[in-house]
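Number of protein chains: 2
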Amino acid sequence: MDPIVIVGGDAAGMSAASKFKREAPDRDVVVFERGEWVSYGACGLPYYVKGDVEELDDLVSLSAAEFEERGIDLRTGHEVVAIDTDERTVRVVGPDGEFTQSYEDLLVATGARALEPPVAGTDLDGVFTLHDMDAAARIRAYLGLDAPPVDDGAGESAGFDDVSEVDAVAVVGGGYVGVEMAEAFAEHGITVHLFEMLPHTLRPFGAEAAAVVEEHLEDEGVRLHLNTAVEELAGTESVTAVVTEDGEVPVDAALLGAGVAPNAELAERAGIELGPTGAVATDEFGRTSADHVYAAGDVAEARNVVTDEPDYVPLALTANRAGRAIGATLAGEPTRTGGIAGTAALKAFDLEVARTGLVDEDAAREAGFDPVSVTVTTGSRAHYYPGSREIQITAVGDAESGRLLGASMVGREGVAKRIDTVATALHAGFTAEDVSMLDLSYAPPFSPVWDPVLTAAKVLDGKLAD
Amino acid sequence: MDPIVIVGGDAAGMSAASKFKREAPDRDVVVFERGEWVSYGACGLPYYVKGDVEELDDLVSLSAAEFEERGIDLRTGHEVVAIDTDERTVRVVGPDGEFTQSYEDLLVATGARALEPPVAGTDLDGVFTLHDMDAAARIRAYLGLDAPPVDDGAGESAGFDDVSEVDAVAVVGGGYVGVEMAEAFAEHGITVHLFEMLPHTLRPFGAEAAAVVEEHLEDEGVRLHLNTAVEELAGTESVTAVVTEDGEVPVDAALLGAGVAPNAELAERAGIELGPTGAVATDEFGRTSADHVYAAGDVAEARNVVTDEPDYVPLALTANRAGRAIGATLAGEPTRTGGIAGTAALKAFDLEVARTGLVDEDAAREAGFDPVSVTVTTGSRAHYYPGSREIQITAVGDAESGRLLGASMVGREGVAKRIDTVATALHAGFTAEDVSMLDLSYAPPFSPVWDPVLTAAKVLDGKLAD
């Protein structure tokens, strides 16, 4: 029997390979990865630049050697350039030339790439995206930073004596990566200019949460340029300024965080259907439109549990989970890849920000709901317990069904994982009233008697009933 | 129309009164409270003794005066001594004598009381329970402590210069209160001897979590006496020693934490049915067996969402929620009091401990399940992110249905509210597999890619499938 072939050696691909080999140790699995790094935590890259993570290698879950020990035929530096779904072969370009590989089943796990905004100057020196390990290393080198210091074990960055050679950096795009990188740059004493063409940063988290983050970013010294489209990155060899309609802002470096796009071209060229989002369409088992071809991770769509429609939210857990499920399916145990709620969390300096489901009313309307939203602010602890901080929750519900559709939260503590309560409720299809009746934990150091989620659900339920 | 009458002015009673008056401002509501304090956070008492909370008044949510401003006829110092469910009257003993009060509807919210273990010497000076505000004040006075210092605002106890006049204290009973009070006493430099007749403390949390807590208690200097029944509290006027079969342990004070019992006698004498747990039986709206009589809070049963049977778990949220629901029902909007999962969290020095549902396999078997449990230890953050701490989760599932039945957790961070994900899943009736497929949040500072809950569910699902 031909081997299982996997295109892409990151979260989805390596999860599938590992699960498959564990369940079907006598079968062969070949992974082609065009780069050199495999199975690394891209979400940790900002913390490598910041200095909280000492070595790029620390971000690697398992090394290439460890995967080989598991019996996985892992070929780094090998790019799959074509798929023939009739012949069930892939065409591969490797260091020793081009060759054809047959497959029994194929998994397309080609991931996503950082988008570059359509402005001049993105090819100047000192202009970066942050979508792979090498990019992070190049950024640190450009900043003139040594390897990060050894962590002091206290859970805090040990701080830097070596201040960056760069005085000011532009972060273009106020998404996750932009906000995380603003924190990373600021750690080195660099003045950060954050440019966002929309009225708010962190679009998936909604305006209410974003407004709190923005105030905090400014408190931390980040210069915010909202409603500001970058027209050009100026410079001769290296970037020296960001040009907007408001004028020029001098900078020594720029980080482009304009979002990501699925690397779906390989699949598309092979006649595999893409979905409405532009990512590869998959069914509940991760199967594509082509027989014996699966897709998972940042290249693929997944089913949104709120809308029950295909969605594209390229995040690490989705990739790992879908990869693992497909590995099990290919080994003979059909396993669903699972739905997504678009749950995400983010650290923004001292704030935690989180979201799940449908947060934006317009998006909810497009999905056929009649959205109502409330924003409430409560404490993170009992009112009398020292150190309580505000937690702001925006909750969105459907006036017709009473269903909870989504929520965002922001605060200094107790936010990032509290969103999971809401995410679980979304998976369950709970109404706002159902959520308001959940038996959640209470102890004075950790929550008010009515957890903020309960309070938000209660207020939302009241408004939905109006 | 006769007024709504409420017996008991704490969480359940005052929540009901407030909600009722808000929804039916033209109706009368009378609350009889035999003590002087109303609507206070009993869960904060250990932190008052510890010194984290400055004044007893800080524990009060709303003062008697504030309730009166809301139009609630609140009579402190008034004890209801009899209910006549035929005549729809209560007999009340107040400071000005005894009288009869008619009711349209009655809410019994008489709470619970601290149990005293059946040993000699519990009436000695220096022997305390911690079930109300005055008890907490008496403990601080006996310890010779001034009022707690003003919090320094940094979320930490400011520490005490005034060391207790008491050198050693016995905590009899290793439940919530016992463990929280051990921390409170230790804060003042008092040697704490914790006596537990069972092999482990914190029975509702299960042996696996308790073992971790016990190791931590010992690290913090608490002397643990497990498997040790206290036979007598010795002393002439005041307590001077705890007598066990292993001999005498000299102490200067003792705190009895032997659990609580519902104050159900008033209802029972009126012919109102008690349930299998000994608390007042209620239906889904909080109605008792007597027409026009409701019960809520620590005196009443609630429906367990896992077993679908009556259960008695006297906790603050349940009381608040049921009170509020009954207030709405009495005002004309029938509202269910909601089920409980027995969700609870606890701070034990530097540890967070939490539980929900059925954690004990024996209890699960009694409820008709075929329990299987797993214990897994994972990290609280991404493996490469500084400061990650271990989180240990024990998850219990039903081999027949695959359902998740409950879980306990313990760790230094991210535990107390992470249990809410499991609690929500229990409300939804999810299987272990369902839980393993939840889209939970991930960001390196807050979680591994696979949240500990997902990992535990995945391992449990694997074992259930065996």
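Residue numbers (full-length UniProt numbering), protein chains in the order written: chain A, 1 to 466; chain B, 1 to 466.
We treat Cβ as the ideally placed atom computed from N, Cα and C, and that holds for glycine.
Quantities reported herein were computed from a predicted structural model and do not represent experimental measurements.
Which listed residue (the options) has its alpha carbon closest to that of residue i
i: B/R34; options: B/G8, B/E54, B/D28 and B/G13; result: B/G8
i: B/L130; options: B/M437, B/G44 and B/P204; result: B/G44
i: B/T394; options: B/M1, B/Y142, B/A135 and B/A210; result: B/A210
i: A/L358; options: A/I340, A/L351, A/L346 and A/D350; result: A/I340
i: B/A65; options: B/L56, B/L59, B/D58 and B/R75; result: B/R75
i: B/V243; options: B/R269, B/E187, B/F195 and B/E208; result: B/F195
i: B/D26; options: B/E55, B/D2, B/Y294 and B/E54; result: B/D2
i: A/A229; options: A/R203, A/S388 and A/P199; result: A/P199
i: B/G414; options: B/L351, B/T122 and B/L226; result: B/L351
i: B/S436; options: B/G77, B/A425 and B/K458; result: B/K458
i: B/V239; options: B/A184, B/P250, B/G71 and B/G462; result: B/P250
i: B/G189; options: B/G332, B/E165, B/A328 and B/A428; result: B/E165
i: A/D308; options: A/A316, A/S441, A/G368 and A/K417; result: A/G368
i: B/T343; options: B/A325, B/D461, B/R412 and B/T356; result: B/T356
i: residue 467 of chain B; options: B/D461, B/A114, B/A363 and B/V29; result: Outside the shown range of chain B (1 to 466) lies residue 467 of chain B, about which nothing can therefore be said.
i: B/E268; options: B/A17, B/A24 and B/T110; result: B/T110
i: A/A316; options: B/G144, B/L330 and B/Y442; result: B/Y442
i: B/G71; options: B/F20, B/F205, B/F349 and B/E36; result: B/F20
One or two residues paired with residue i in a DSSP bridge
i: B/K347; result: B/E352
i: B/G411; result: B/E352 and B/I391
i: A/D52; result: Answer is none; A/D52 lacks a bridge partner.
i: A/H193; result: A/A170 and A/R223
i: A/R91; result: A/A82 and A/T100
i: A/S373; result: A/V396
i: A/A253; result: A/V169
i: A/A302; result: A/D311
i: B/A234; result: B/A241
Three-state secondary structure (DSSP) of residue i
i: B/D2; result: coil
i: B/N320; result: helix
i: A/D84; result: strand
i: B/T228; result: coil
i: B/I340; result: strand
i: A/A241; result: strand
i: B/A114; result: strand
i: B/G153; result: Legend: pLDDT at B/G153 = 49, less than 50; position of this residue unreliable, value from coordinates given subsequently. DSSP places B/G153 in coil when its eight states are reduced to three.
i: A/V435; result: helix
i: B/D398; result: strand
i: A/Y142; result: helix
i: A/P262; result: strand
i: A/A158; result: Residue placement at A/A158 is flagged as unreliable, the pLDDT there being 44, under the threshold of 50; the coordinate-derived value follows with that caveat. Note: A/A158 maps to coil in three-state DSSP.
i: B/P47; result: What sits at residue 47 of chain B in the sequence shown is Tyr, not Pro. DSSP places B/Y47 in helix when its eight states are reduced to three.
i: A/G278; result: coil
i: A/D311; result: strand
i: A/Y40; result: strand
i: B/A363; result: helix
i: A/L217; result: helix
i: B/E33; result: strand
i: A/R269; result: helix
i: A/E333; result: coil
i: A/E23; result: helix
i: A/Y294; result: strand
i: A/E284; result: coil
i: B/A428; result: helix
i: A/A120; result: strand
8 Å contact criterion, which residue i and residue j should meet: CB distance rounded
i: A/P281; j: A/E301; result: According to the sequence displayed, residue 281 of chain A carries Ala and not Pro. Between A/E301 and A/A281 the Cβ distance is about 6 Å, and since that is below 8 Å, they are a contact.
i: B/A264; j: B/L274; result: 6 Å
i: B/V306; j: B/G406; result: 7 Å
i: A/D370; j: A/E400; result: 5 Å
i: A/G397; j: A/L464; result: 5 Å
i: A/A270; j: A/T85; result: 6 Å
i: B/T421; j: B/V376; result: With 8 Å as the limit, B/T421 and B/V376 do not qualify as a contact, their Cβ atoms being about 15 Å apart.
i: B/L233; j: B/V127; result: 6 Å
| field | Validate contact between the region 170-185 of chain B and the region 252-261 of chain B using beta carbons, cut 8 Å, 3 pairs | value | yes
Touching or not, the region 121-137 of chain B and the region 210-229 of chain B, by the rule of three or more beta carbon pairs under 8 Å?
no
_With three or more C-beta pairs closer than 8 Å as the rule, is the region 434-451 of chain A touching the region 382-394 of chain A?_
yes
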